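When you line the sequence shown up against my numbering, it's residues 3 to 243, in that order.
Heads up, the beta-carbon is just placed ideally off N, CA and C, and yes, glycines get one too.
None of the values given here were measured: they were computed from a predicted structure.
Here's the structure, in structure tokens; my notes come after.
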Amino acid sequence: MSAIAEPKMVRSPGGCDYTLVRVRRRTAAIYIRPGGGVEVRAPLRLAKRELDRFVDERAQWIAQHAAAAAQAAAQKSAFSLEPGCLLLYKGREYPSVLQPAGTGEAAFDGTRFLLPSAHTGSNRTALKALYKRLAEADLRERTARFAGAMGLTPRWVKITSARTRWGSCSGKNALCFAWRLILTPEACLDYVTVHELCHIKEHNHSLAFWSEVERVLPDYAARRRLLAVYGRRIVLQDWEG
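Here is the structure:
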């Protein structure tokens, strides 16, 4: 929906600063932009006094969500991949150090991450490749272990760069897991593995599906909540550059 007039900064009587965008729509709507900016999209003929009332009635909601967006943007901006930064692996933070010059790959020795160079861009690429290797080794073994116990046979296991889902099960019973899953605790790794394996039996989220998940992991609900906590944390890490 394109703007009819140039967006402009305005202030409501209650002191809320926002960008006003006039568009062809029936009602006004408030959007919180990344970084905390506030945008109001309003009908062409909505009077300014009505718009002011609309905004000020929602001042508390706007302030709360704008502050949260600004904080998230600041955390994402502060995310560093330089030597000395702390990096997640299976829910724990480990220190990072610089490897000798000429070493092209990142590594993990069980107690620390070894970075290939001081250049953040190359560190990001190298670390993502390392995490994918770590995720593949772990999730292949984990899947085989649970699949054996559950009497299931997935078609294959693949590690992906998915950003909006932890895992998936295709109609042909092929399992995919996001490499970011290796950043979360063991309890979460088990939960997502079992979740996707259960889709081999139930390709849906029916009561039968959740009953199967609960049969294997009686505390799956707590694991699911923990996964959500780490998911919010990982979203604030700038892995895409």
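Under DSSP, M152 takes part in no beta bridge, so it has no partner.
Note on L46: under 16 other CB atoms within 10 angstroms of its CB, so exposed under the neighbour-count rule.
Taking C-beta atoms as the reference points, A30 and R43 count as a pair closer than 8 Å. Within the segment 157-216, the complete alpha helix (DSSP H) runs of at least 4 residues fall at 188-203. For A108, the three-state secondary structure derived from DSSP is coil. Each residue's CA atom was taken as its position, placing T186 and W63 some 31 Å apart. Two segments are said to touch when three or more pairs of C-beta atoms, one from each, lie closer than 8 Å; by this definition the segment 227-234 touches the segment 190-201. For F56, the three-state secondary structure derived from DSSP is helix.
For D19, same chain residues with a beta-carbon under 6 Å away, outside a window of 5 residues either side, are R13 in chain order. Counting along the chain, S98 sits inside the beta strand (DSSP E) bounded by residues R94 to L100.
DSSP, read as helix, strand or coil, puts E41 in strand. Contact check for T162 against A176 fails: the beta carbons are separated by 8 Å or more. By the Cβ neighbour-count rule, D221 is exposed, with fewer than 16 other Cβ atoms within 10 Å of its own. Ranked by Cα distance from C171, the options R182, G153, L183 and L199 are led by L199. About 6 Å separates the Cβ atoms of L132 and F110, confirming a contact at the 8 Å cut-off. The segment 210-217 makes no contact with the segment 153-169, as fewer than three CB pairs between them are under 8 Å. DSSP places A76 in the uninterrupted alpha helix (DSSP H) bounded by A61 to A80. I34 is positioned such that its CB atom lies no closer than 8 Å to that of A75.
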